[in-house]
Amino acid sequence: MEINKRTEGMNGLKVTVMVYGRYKDIAGKETIQLDITEGDTLRDVINVFVKHYPITQKDKSRMIVTKNKMYTSYDTKVTEEDEITIAPPIVSGG
Amino acid sequence: MFISQQYAVKRDIGEMMMKNRYRRQTLVSEVGQNGQDVLATKHVTVIGGGGLGSNSANMMVRMGIGSIDIIDYDTVEISNLHRTSVFTEDDVGKPKALTLQDRLQQVNRNVHVKAINKKVTSENIEALVVDTDIIIDGTDSVPLRLLINDISIRHNIPWVYAGVYETVGMVMGILPKHTACFQCVTQNILESKDQETPVLGSLPATIAAIQCNETIKLLLGRHPKGLIIYDVWNQCFDTMDIQRNPTCPTCGNK
């Protein structure tokens, strides 16, 4: 139901998300706007991002996500004023 | 010529060679002779002697670091050769750390290169790095990086994370009490389940070079600025500004 509301933009809230690495190529731009509803968390923002760009699904649980330049829990609430960034997961090969 | 005169001449030639060796680097205004002299006093520890670690150790030795410890307990495999620039086919089966010591000591006899043929564990890491000025990450596992991160924060030792996967590389300089730490950016990150990490052969040398740049900057007193992301295939080079997380279990409020 919430996803439907977001898709239709009924609540009118939007959050600005800066994307990094290959996500820029996937999104076709550096900054995107995603629909949110009041009380949404970073996890909800990630869900909306993945819904828009399904190719990023495999990264979903490991994305580097910051709110106001700080890495915080995916359960942190977001508002329209927050600056969100999303980057591909940390790589660990050597 | 008296023996003392011969010694003096030899010493002068040695000093001249030293100056000549780094001449082009000392011309860099951000380094200068003073910076070069500082580098000659520094002790660097490279943990891991594979694709990243061997390339980084190679560059640090050439740039005139004072002393370098290279820690690795593994042996060279044929599958390592596509992404390193130091090992040869004749090295296959030999210990990585000792091979790097032999090879790199020949590159620059003014640098003290020491091989430590050991596996880094939570029991021995403190003794291995406590006297170092900076740690260079040449590992291939998140748990080991978290161990490095933990000791870095506890002992106020800067370190430079680097990682590669397929065509993506990342680097982050970590300066305790000033920058976000590795835990700050990995709280939700799971270890890769890949048996063997897929890596484009040219990528580790590229990322190792960026890692060495960050290392030199840290050693010369410049603060790092976030996570560097280089994506070869999508041709993008980004820096992601990440601030310290006050609730980070490792560096928060320290």
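As they're listed, the protein sequences go chains A and G.
In case it helps, my numbering puts the first sequence at residues 278 to 371.
In case it helps, my numbering puts the second sequence at residues 36 to 289.
C-beta: ideal position from N, C-alpha, C; glycine also.
These numbers come from a predicted model, not from an experiment.
Out of the options, point me to the one whose CA is closest to residue i's CA.
i: residue 173 of chain G; options: G/105, G/284, G/67 and G/235; result: G/105
i: residue 240 of chain G; options: G/261, G/278, G/69 and G/267; result: G/267
i: residue 371 of chain A; options: G/177, G/156 and G/166; result: G/177
i: residue 200 of chain G; options: G/169, G/278 and G/234; result: G/234
i: residue 71 of chain G; options: G/60, G/236 and G/260; result: G/60
i: residue 366 of chain A; options: G/103, G/231 and G/204; result: G/204
i: residue 258 of chain G; options: G/207, G/288, G/242 and G/243; result: G/207
i: residue 164 of chain G; options: G/102, G/67, G/214 and G/40; result: G/102
i: residue 89 of chain G; options: G/270, G/169 and G/138; result: G/138
i: residue 184 of chain G; options: G/45, G/48, G/230 and G/284; result: G/284
i: residue 368 of chain A; options: G/238, G/40 and G/153; result: G/238
i: residue 128 of chain G; options: G/111, G/142, G/135 and G/265; result: G/111
i: residue 338 of chain A; options: A/363, A/294 and A/309; result: A/363
i: residue 309 of chain A; options: A/324, A/296 and A/320; result: A/296
i: residue 311 of chain A; options: A/302, A/335, A/293 and A/350; result: A/293
i: residue 290 of chain A; options: A/307, A/303, A/325 and A/305; result: A/325
i: residue 83 of chain G; options: G/109, G/269, G/248 and G/189; result: G/109
Using 8 Å as the limit for Cβ to Cβ distance, is residue i near chain A?
i: residue 264 of chain G; result: yes
i: residue 83 of chain G; result: yes
i: residue 52 of chain G; result: no
i: residue 98 of chain G; result: no
i: residue 269 of chain G; result: yes
i: residue 220 of chain G; result: yes
i: residue 64 of chain G; result: no
i: residue 205 of chain G; result: yes
i: residue 200 of chain G; result: yes
i: residue 88 of chain G; result: yes
i: residue 232 of chain G; result: yes
i: residue 215 of chain G; result: yes
Can you find a CB in chain G that lies within less than 8 Å of the CB of residue i?
i: residue 305 of chain A; result: no
i: residue 322 of chain A; result: no
i: residue 337 of chain A; result: no
i: residue 292 of chain A; result: no
i: residue 313 of chain A; result: no
i: residue 317 of chain A; result: no
i: residue 362 of chain A; result: yes
i: residue 309 of chain A; result: no
i: residue 370 of chain A; result: yes
i: residue 298 of chain A; result: yes
i: residue 365 of chain A; result: yes
i: residue 289 of chain A; result: no
Chain A contacts made by the stretch 271-289 of chain G, where a contact means CB separation under 7 Å: 271, 273, 275, 276, 277, 278 and 280
Return the chain-ordered ranges of every alpha helix (DSSP H) run that is complete within the stretch 83-130 of chain G and spans a minimum of 4 residues. 86-98
Flag this pair as touching only if the stretch 187-205 of chain G and the stretch 247-255 of chain G have three or more C-beta atom pairs under 8 Å; answer yes or no. yes
Is the stretch 69-79 of chain G touching the stretch 112-131 of chain G in the sense that three or more CB pairs, one from each, lie closer than 8 Å? no
Using Cβ-Cβ distances below 9 Å, what residues of the stretch 326-358 of chain A are close to chain G? 338, 339, 340, 341, 342, 343, 345, 346, 347, 348, 349, 350 and 351
Ordered list of beta strand (DSSP E) runs contained in the stretch 187-265 of chain G, each at least 3 residues: 194-200 and 203-209
Interfacial residues, the stretch 173-197 of chain G to chain A, with Cβ spacing under 7 Å: 173, 174, 175, 176 and 177
The stretch 271-280 of chain G / the stretch 141-158 of chain G touching (three or more Cβ pairs under 8 Å): no
Taking contact to mean at least 3 C-beta pairs separated by less than 8 Å, is the stretch 144-152 of chain G in contact with the stretch 89-104 of chain G? yes
When you compare the stretch 344-355 of chain A with the stretch 316-325 of chain A, are there three or more beta-carbon pairs, one atom per stretch, that lie closer than 8 Å? yes
Residue ranges of each beta strand (DSSP E) run of no fewer than 3 residues wholly in the stretch 286-314 of chain A, ordered along the chain? 290-296 and 308-313
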